[in-house]
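For reference, the structure is listed below as structure tokens.
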Amino acid sequence: MSLRIITSPAKKMRVIDAPPWPVREPAFLARTERLLEALRALSRDEAQRLWACSDRLADLNYERVHTMDLIAGTTAAVVAYEGIQYTHLAAEVMSEDELAWLDGHLRILSGFYGMLRPLDGVVPYRLEMQAHLAVDGTRNLYEFWADALYEALAAEGCDVIVNVASVEYARAVTPWVRPDGPRVLTCLFGVERDGRLRQPATEAKAARGTFVRWCAERGVKTLDELCDFRERGYELSVGRSSDDSLVFVRAEQNSPSCDEFAPPDANRSLV
């Protein structure tokens, strides 16, 4: 049994001149260059509408687009992204063995880079997967990437894709699943409140990062091992799980406002 974990990137990024160091270029760099050309063709106002961001962030990222070097001064993807999930993943303090497992098993989905291994070299960018950027005759990034990300995972020889990505990013992979290719198993993290399961957005990100770190620490090899995840008070709910999903539940701990929890259909995960 060979598995790959897919997860989402973070909007905020940083440049770090410290280990873990990047060891390779991203696999889809040629496609990224085409996206960069499309971004450079936009006016500043068009770019801001695409990014749906503040004036300050639009100015910052518009300058980045026009000065970007995709090869020089890169940072390993797994530490370039900043956010709750990546704080809890804590790759910068992993051992060499844990980083090796992570690089072999984790795949970060990206609107700009397509799919990244943790030690791929990246530069800061802003381009979410749901962006309506017309490139090469396609209307948006889902059409641009099409089945390329799923097929790349299949080409790695994995049997199961363990999905801990958000809906936005999982949609770049799950619609392309074919019967003779790797199947998708979605992991969900719910908080039990008033007899119902809900998913606080902040807690879900923390749980995803913790889950990936836990897998790396143990060098997980099989799906059965995933069922033992019990960090942050979570425990597998066998009754709520299925062939397509593993549902981990923890009791209410004064969580902030949260979204209603519902099991996904075969092609989606929760936000």
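Be aware that the sequence shown starts at 257, since it is given in my numbering, and climbs by one per residue. Just so it is clear, CB atoms sit at the ideal spot from N, CA and C, and this is done for glycine as well.
- Taking 3 residues as the shortest admissible run, the segment 294-366 contains the following complete beta strand (DSSP E) segments, listed from N- to C-terminal end: 362-366.
- For secondary structure counted as the beta strand (DSSP E) over 3 or more consecutive residues, the segment 481-505 holds no complete run.
- Contact between V416 and C443 does not hold, since their C-beta atoms are separated by about 11 Å, which reaches or exceeds 8 Å.
- The beta carbon of P278 is closer than 8 Å to those of T330, T331, A332, A333, L375, D376, G377 and V378 in its chain, skipping five residues each way along the sequence.
- C-alpha of R395 to C-alpha of L405: approximately 18 Å in a straight line.
- The residue from D315, I327 and L397 with its alpha-carbon nearest to that of A294 is L397.
- Following the DSSP letters along the chain, one finds G465 in no beta strand (DSSP E) but inside the alpha helix (DSSP H) bounded by residues A457 to R474.
- For L285, the CB contacts under 8 Å within the same chain, skipping 5 residues up- and downstream, are L326 and Y369 in chain order.
- Around the beta carbon of T430, 16 or more other beta carbons sit within 10 angstroms, so the residue counts as buried.
- E289 sits in a helix when the DSSP states are folded into three classes.
- Only residues of its own chain outside the window of five on either side were considered, and among them A472 and G475 have a CB closer than 6 Å to the CB of W357, listed in chain order.
- One Cα belongs to R287, the other to F400, and the distance between them is close to 9 Å.
- The straight-line gap separating the alpha-carbon atoms of D436 and C414 is approximately 12 Å.
- S299 counts as exposed, since fewer than 16 other C-beta atoms from the protein chains shown sit within 10 angstroms of its C-beta.
- Per DSSP, E412 is not a residue of any beta strand (DSSP E), being assigned neither H nor E.
- A266 and E338 have their C-alpha atoms spaced approximately 6 Å apart.
- Annotation for V423: no beta strand (DSSP E) segment contains it, though the alpha helix (DSSP H) segment containing it runs V423 to A426.
- R382 is bridged by DSSP to nothing; it lacks a bridge partner.
- Under the criterion of beta carbons closer than 8 Å, R506 and Y490 qualify as touching, at roughly 5 Å.
- In summary, D359 is buried, with 16 or more beta-carbon neighbours lying within 10 Å of its beta-carbon over all protein chains present.
- In summary, P275 is exposed, with fewer than 16 beta-carbon neighbours lying within 10 Å of its beta-carbon over all protein chains present.
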